[in-house]
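So the structure is just underneath, and the comments pick up after that.
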Amino acid sequence: MYHGFVQIHQMRVLFRFCVKLLFLGKDLDNVSTNWESFAPILLDFNDTLAPSLWKDAAQKIRQFYLGKDQTNLAQNYDKLIQMVSDRIFLVDAETSVRMQAKASSSPVYYYHFSYPGDNNEANFVGHGADGKYFFVVGPLTPNELKMKDIMAPLRVEMYKEKLKEMPLPPQPILTRWGTWLQAAMFYSEHFDSIKEDARPVVTTSLGKIRGYLKTSHDGRKFSAFEGIPFAKPPIGSRRFEEPEPAEPWSGVWDANKPTNCAQTDTTTTNATRGDEDCLHINVFVPRENPNSQDKLDVIVHVHGGGYMYGNGLAYSRPEVLMDRDVIFVTFNYRLGILGFLSTEDDVVPGNNGLKDQVMALRWIQNHIASFGGNPDSVTLTGLSAGGSSVHLHYFSEMSKGLFHRGFSQSGVALNSFSLQKGALEKAQRLAEAVGCPSTPTRALADCLKQRHHKQILKQLPLFFSHLIFPFMPFTPVVEKGSKPFLSEHPYSLLTKVLGNDLAHVSTNWESLAPDLLDFNYTLVPSLWKDTTKKITEFYLGKGQIDFDQNKDKVIKMFSDRIFLVDAETSVRMQAKASSSPVYYYYFSYPEENNEAKSHGADGKYLFGNFFVPGPLTPNEQKLKDIIVDMLISYAKTSIPVIEGVKWEPTAYDKLTYLNIRSFRPEEIELLTVDELTPREFWHSLKFAENENLFSVKDEL
Numbered sequence: 098m099y100h101g102f103v104q105i106h107q108m109r110v111l112f113r114f115c116v117k118l119l120f121l122g123k124d125l126d127n128v129s130t131n132w133e134s135f136a137p138i139l140l141d142f143n144d145t146l147a148p149s150l151w152k153d154a155a156q157k158i159r160q161f162y163l164g165k166d167q168t169n170l171a172q173n174y175d176k177l178i179q180m181v182s183d184r185i186f187l188v189d190a191e192t193s194v195r196m197q198a199k200a201s202s203s204p205v206y207y208y209h210f211s212y213p214g215d216n217n218e219a220n221f222v223g224h225g226a227d228g229k230y231f232f233v234v235g236p237l238t239p240n241e242l243k244m245k246d247i248m249a250p251l252r253v254e255m256y257k258e259k260l261k262e263m264p265l266p267p268q269p270i271l272t273r274w275g276t277w278l279q280a281a282m283f284y285s286e287h288f289d290s291i292k293e294d295a296r297p298v299v300t301t302s303l304g305k306i307r308g309y310l311k312t313s314h315d316g317r318k319f320s321a322f323e324g325i326p327f328a329k330p331p332i333g334s335r336r337f338e339e340p341e342p343a344e345p346w347s348g349v350w351d352a353n354k355p356t357n358c359a360q361t362d363t364t365t366t367n368a369t370r371g372d373e374d375c376l377h378i379n380v381f382v383p384r385e386n387p388n389s390q391d392k393l394d395v396i397v398h399v400h401g402g403g404y405m406y407g408n409g410l411a412y413s414r415p416e417v418l419m420d421r422d423v424i425f426v427t428f429n430y431r432l433g434i435l436g437f438l439s440t441e442d443d444v445v446p447g448n449n450g451l452k453d454q455v456m457a458l459r460w461i462q463n464h465i466a467s468f469g470g471n472p473d474s475v476t477l478t479g480l481s482a483g484g485s486s487v488h489l490h491y492f493s494e495m496s497k498g499l500f501h502r503g504f505s506q507s508g509v510a511l512n513s514f515s516l517q518k519g520a521l522e523k524a525q526r527l528a529e530a531v532g533c534p535s536t537p538t539r540a541l542a543d544c545l546k547q548r549h550h551k552q553i554l555k556q557l558p559l560f561f562s563h564l565i566f567p568f569m570p571f572t573p574v575v576e577k578g579s580k581p582f583l584s585e586h587p588y589s590l591l592t593k594v595l596g597n598d599l600a601h602v603s604t605n606w607e608s609l610a611p612d613l614l615d616f617n618y619t620l621v622p623s624l625w626k627d628t629t630k631k632i633t634e635f636y637l638g639k640g641q642i643d644f645d646q647n648k649d650k651v652i653k654m655f656s657d658r659i660f661l662v663d664a665e666t667s668v669r670m671q672a673k674a675s676s677s678p679v680y681y682y683y684f685s686y687p688e689e690n691n692e693a694k695s696h697g698a699d700g701k702y703l704f705g706n707f708f709v710p711g712p713l714t715p716n717e718q719k720l721k722d723i724i725v726d727m728l729i730s731y732a733k734t735s736i737p738v739i740e741g742v743k744w745e746p747t748a749y750d751k752l753t754y755l756n757i758r759s760f761r762p763e764e765i766e767l768l769t770v771d772e773l774t775p776r777e778f779w780h781s782l783k784f785a786e787n788e789n790l791f792s793v794k795d796e797l
């Protein structure tokens, strides 16, 4: 029996939207000047550190990244990027790999993807940069085609063979399902019309479903079924309730139109889009006429978007995977307020968006065989918040038996954004804003069910402290209800097994940091100032407050807090707690024609270009093949494979990872380090979220 845990991440993670919003604008000097107030929010420790410590933490962070006397963030842009990357992504990723390796009796593998790609002027390797070698649509450069040839076989081998030799172990929680990976996020949405008489039809126990034909990346015709209901519409009395299975229909369901769940576009006009009747699933089959006897391996993707935005096709194109003999499935789940409101009791326990995901997985178990898929070979993948979702499914009894491997891309359960703080208080604020009683919770929920969903969604700005930060105010919770998806913090479960406004931000950093760095709910206000100071000094250096002069350090600070530290923590703990191997890769290949290595950069190699639309260069095409084959191999065998590279799993004490920095296989290397991100610094801050971590580390 062989089980694996694969953590995929990349170097120099840049959450580009945040960077554009906060670090490239005219107010960068303001951020530097007010770093101590901005840092707790931007680096996500306003909820996890007492406000009295914010200033000191912000100063420590800035000093660590920018230097003792550096205060100008605008003049240290690269250091700002490193600061944010470490905090939001990298430190947590390394911590996760190490803890997983220490807790698990099986090998843990890690790779570091540092290949920049062609046409990348910034020479950065972005968050998810390796992903474009899996899911991209469009040409790659010649060098990137070579990288694709390395990455694609790796994933093919991970998905092949030995599945029947790997029955799920009986142990609960972590040891049940074996593998999961981490990579990135990207956007696409595409629809091709076709004559009805040429459209494929599949018969299920719910009724007949008619799809349409599309063309894969390499020219293969495949069947697409988009917009199939997997649950009853969560409207009216079913709003804020657990999903119910879809009912059978008569006639033929035309599955030719994807849908969006209701959401608010906070990046522009705060306009609402989508609809509550949105619990639909999309199935892609590498056949013009699906055959129920095929029993192909199934890859299921959970979309990202901070639990607030997106849809099943928003960040994942099927075209690349449809060049392989696998079934690809995506789906919608309720987002934001409608998906993650919680009254912290049995009235609205919360996590309905995650319970929608569980319902979709149950639908796959019941119906994917009709499309030619094998329900006994389901690999669950996810990107950013989707990656965090995958990791959370790893801990949930609801998800038991519904998938067999996990592939977590640039998001883990230990990320600071993965769990919501102050859920009841938010529900009460929402109720008051739309004229509903705030108590008792039953009256609150009943009244909210009577309000139009657009009226509810338009209240989202109430929960932003600065611009659109905290970026994800409504996310999963540890439930207090009687039928929880998540009953305990992931840390506790592990123990059982063992921009435009940068100047303004800089100027007002001390007051903004608790929100922007997400510690306003996890740290008492009396510690906010001191903590902000510590973080600022740690990343920028003592006396450094100019974000515009320290852009890289500021970005590094944000990345560490929001993504990386928690990701490393998750990997390390997972490796120690699980009997399955944990693999970790670091995607450091910079995008061509783009110096920055952004959040989700590897995703375009799997799902297509979102942040950087357009065709892949020849070199990126090569990298796409490497990454796609890596994913496919993992889905089939639970072992990620890159030709010519022996990928070893990671351990808790020593982080072993694969550094993917090139489209050339010979330049992809396996490395072992004591620490990839500044975990100890972040863990030294008195965030409430770290209280669980300290006890876990002691027990591990």
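In case it helps, this note's numbering puts the sequence shown at residues 98 to 797. In this text, a Cβ means the ideal position worked out from N, Cα and C, and glycines have one as well. All values derive from a computational prediction rather than experimental measurement.
Practice task
Going by CA-CA distance only, name the one from Asn353, Cys375, Leu146 that's closest to Gln360.
Solution key: One-based indexing of the sequence shown puts residue 360 at position 263. The shortest C-alpha separation from Gln360 is found at Cys375.
Handout entry: Collapsed DSSP secondary structure at Cys358 in the structure displayed
Key = Your numbering for residue 358 matches position 261 in the sequence shown. If DSSP states are grouped into helix, strand and coil, Cys358 belongs with the strands.
Practice task
Please go through the same chain and pick out, in chain order, the residues whose beta-carbon is closer than 6 Å to the beta-carbon of Thr629, but skip the five residues on each side of it.
Solution key: Looking up residue 629 in the sequence shown gives position 532. Only Glu133, Ala136, Pro137, Trp151, Lys152, Ala154, Ala155, Glu607, Ala610 meet the Cβ criterion.
Handout entry: Where Ala785 sits in the DSSP three-state scheme
Key = Numbered from its first residue, the sequence shown carries residue 785 at position 688. It is coil, neither helix nor strand.
Handout entry: Proximity to Glu344 [Cα-Cα], best of Asn353, Gly403, Trp460, Gly433
Key = Along the sequence shown, read from residue 1 onward, the residue named residue 344 stands at position 247. Closest by alpha carbon: Trp460.
Exercise for the section: Counting only the same chain and skipping the five closest in sequence on each side, list residues whose C-beta sits under 6 Å from that of Tyr174. Expected result: Reading the sequence shown from its first residue, position 77 is the one you call residue 174. Excluding sequence neighbours, Tyr174 sits near Lys648, Asp649.
Handout entry: For Arg658: DSSP bridge partner residues
Key = Taking the first residue of the sequence shown as position 1, residue 658 is located at position 561. Answer by DSSP bridge pairing: none, since Arg658 is not bridged.
Problem - Segment contact, 8 Å Cβ cut-off, at least three pairs: the region 465-481 with the region 504-514 - result: yes
Practice task
Use the C-beta contact count for Leu119: other C-beta atoms within 10 angstroms, 16 or more gives buried, fewer gives exposed.
Solution key: For the purposes of this step, residue 119 is identified with residue 22 of the sequence shown, where counting begins at 1. Summary for Leu119: the model assigns pLDDT 46, below 50, so the residue's position carries little reliability; its value from the coordinates is reported in the next sentence. Label assigned to Leu119: buried.
Practice task
Inspect the CB distances between the region 724-740 and the region 645-664 and report whether three or more fall short of 8 Å.
Solution key: no
Practice task
Determine contact between the region 395-406 and the region 430-440, defined as no fewer than three beta-carbon pairs at a distance below 8 Å.
Solution key: yes
Practice task
Let me know the secondary structure DSSP gives Pro264 once reduced to three states.
Solution key: Your numbering for residue 264 matches position 167 in the sequence shown. Unreliable placement is indicated for Pro264, whose pLDDT of 39 sits below 50; no coordinate value is reported for it.
Exercise for the section: Return the first residue and the last residue of the beta strand (DSSP E) that His398 is part of. Expected result: Looking up residue 398 in the sequence shown gives position 301. That run of the beta strand (DSSP E) goes 393-399.
Handout entry: Closest Cα partner of Glu529 within the set Glu385, Ile724, Gln556
Key = Here residue 529 is taken as the residue at index 432 of the sequence shown, counted from 1. Ranking the options by Cα distance to Glu529, first place goes to Gln556.
Practice task
Give me the Cα-Cα distance between Lys176 and Pro558, rounded to the nearest whole angstrom.
Solution key: Sequence index remark: in the sequence shown, residue 176 carries index 79 (1-based). Sequence index remark: in the sequence shown, residue 558 carries index 461 (1-based). C-alpha separation (whole angstroms): 30 Å.
Handout entry: Same chain, Cβ closer than 7 Å to Gln462, five either side skipped, listed in chain order
Key = What you label residue 462 is simply residue 365 of the sequence shown in a count that begins at 1. If we look at Gln462 and ignore the five residues flanking it on each side, its Cβ neighbours are Pro472, Leu499.
Handout entry: Collapsed DSSP secondary structure at Arg370 in the structure displayed
Key = Walking along the sequence shown from the start, residue 370 turns up at place 273. Reduced to three states, the DSSP call for Arg370 is strand.
Exercise for the section: Just list the alpha helix (DSSP H) runs in the region 718-789, keeping only unbroken ones of 4 residues or longer that don't cross its boundaries, in chain order. Expected result: 776-781
Handout entry: First through last residue of the beta strand (DSSP E) which encompasses Ser822
Key = Residue 822 lies beyond the stretch modelled for the chain, which goes from 98 to 797, so this question has no answer here.
Handout entry: Three-state class that DSSP yields for Tyr309 in the structure shown
Key = Position 212 of the sequence shown, counting from 1, holds the residue named residue 309. Here Tyr309 sits in strand by DSSP.
Practice task
Tell me whether Lys523 is buried or exposed, calling it buried when 16 or more other Cβ atoms sit within 10 Å of its Cβ.
Solution key: Here the question's residue 523 lines up with position 426 in the sequence shown. Buried is the call here.
Practice task
Pick out whichever of Ile553, Leu768, Tyr491 has its Cα sitting closest to the Cα of Ser677.
Solution key: Along the sequence shown, read from residue 1 onward, the residue named residue 677 stands at position 580. Ser677 has its Cα closest to that of Tyr491, out of Ile553, Leu768, Tyr491.
Handout entry: Option in Arg669, Val426, Thr633 with minimal Cα separation from Lys653
Key = As a first step, residue 653 must be located in the sequence shown, where it is residue number 556. Ranking Arg669, Val426, Thr633 by Cα distance to Lys653 puts Thr633 first.
Exercise for the section: Inspect the beta-carbon positions of Leu620 and Lys783 and report whether they are closer than 8 Å. Expected result: In the sequence shown, residue 620 corresponds to position 523, counting from 1. In the sequence shown, residue 783 corresponds to position 686, counting from 1. Yes, they are a contact pair.
Practice task
Drop a sphere of 10 angstroms on the beta-carbon of Ser302, count the other beta-carbons inside from all chains shown, and report buried for 16 or more, exposed for fewer.
Solution key: By one-based count along the sequence shown, residue 302 stands at place 205. By the neighbour-count rule (16 or more Cβ atoms within 10 Å), Ser302 is not buried but exposed.
Problem - Beta-carbon proximity of Thr300 to Ser467, cut-off 8 Å - result: By 1-based counting over the sequence shown, the position of residue 300 is 203. By 1-based counting over the sequence shown, the position of residue 467 is 370. In this structure, Ser467 lies closer than 8 Å to Thr300 by Cβ.
Handout entry: Cβ-based neighbour list, Ser474, same chain, cut-off 7 Å, excluding 5 preceding and 5 following
Key = Your numbering for residue 474 matches position 377 in the sequence shown. Result list for Ser474: Leu260, Asp394, Val395, His501, in chain order.
Practice task
Taking Leu511 and Leu451 to be in contact with their CB atoms under 8 Å, please state how far apart those CB atoms are, rounded to whole angstroms.
Solution key: Start at 1 with the first residue of the sequence shown, and residue 511 comes out as number 414. Start at 1 with the first residue of the sequence shown, and residue 451 comes out as number 354. Between Leu451 and Leu511 the Cβ distance is about 16 Å, and since that is not below 8 Å, they are no contact.
Problem - Gln646 in three-state terms, based on DSSP - result: On the sequence shown, position 549 is the one that residue 646 refers to. Three-state DSSP puts Gln646 in a strand.
Handout entry: Pairwise C-alpha distance: Trp625 and Pro712
Key = What you label residue 712 is simply residue 615 of the sequence shown in a count that begins at 1. What you label residue 625 is simply residue 528 of the sequence shown in a count that begins at 1. Their Cα atoms are separated by approximately 45 Å.
Handout entry: Selection from Asp722, Ile378, Thr356, Asn379 that minimises the alpha carbon distance to Asp372
Key = Reading the sequence shown from its first residue, position 275 is the one you call residue 372. Among Asp722, Ile378, Thr356, Asn379, the Cα nearest to that of Asp372 is on Thr356.
Handout entry: Backbone CA spacing between Thr536 and Leu310 [nearest angstrom]
Key = Start at 1 with the first residue of the sequence shown, and residue 536 comes out as number 439. Start at 1 with the first residue of the sequence shown, and residue 310 comes out as number 213. Answer to the nearest angstrom: the Cα atoms are 52 Å apart.
Exercise for the section: From the DSSP output, read off the bridge partner residues of Trp151. Expected result: Within the sequence shown, residue 151 is the residue found at index 54, counting from 1. For Trp151, which the question treats as bridged, DSSP gives the partners Asp627.
Exercise for the section: Count the other CB atoms, across all protein chains shown, that sit within 10 Å of the CB of Lys243; report buried if there are 16 or more and exposed otherwise. Expected result: Taking the sequence shown and counting its residues from 1, the one referred to as residue 243 is at position 146. With 16 or more Cβ atoms within 10 Å of its Cβ, Lys243 is classed as buried.
Problem - Residues of its chain near Leu527, where Cβ-Cβ distance is below 6 Å and the 5 sequence neighbours each way are ignored - result: The sequence position of residue 527 within the sequence shown is 430, counting from 1. Once the five neighbours on either side are set aside, the close Cβ partners of Leu527 are Gln556.
Exercise for the section: Out of Phe760, Arg414, Glu740, Ser603, state which residue places its alpha-carbon closest to the alpha-carbon of Glu717. Expected result: What you label residue 717 is simply residue 620 of the sequence shown in a count that begins at 1. Comparing Cα-Cα distances from Glu717 to each of Phe760, Arg414, Glu740, Ser603, the minimum goes to Phe760.
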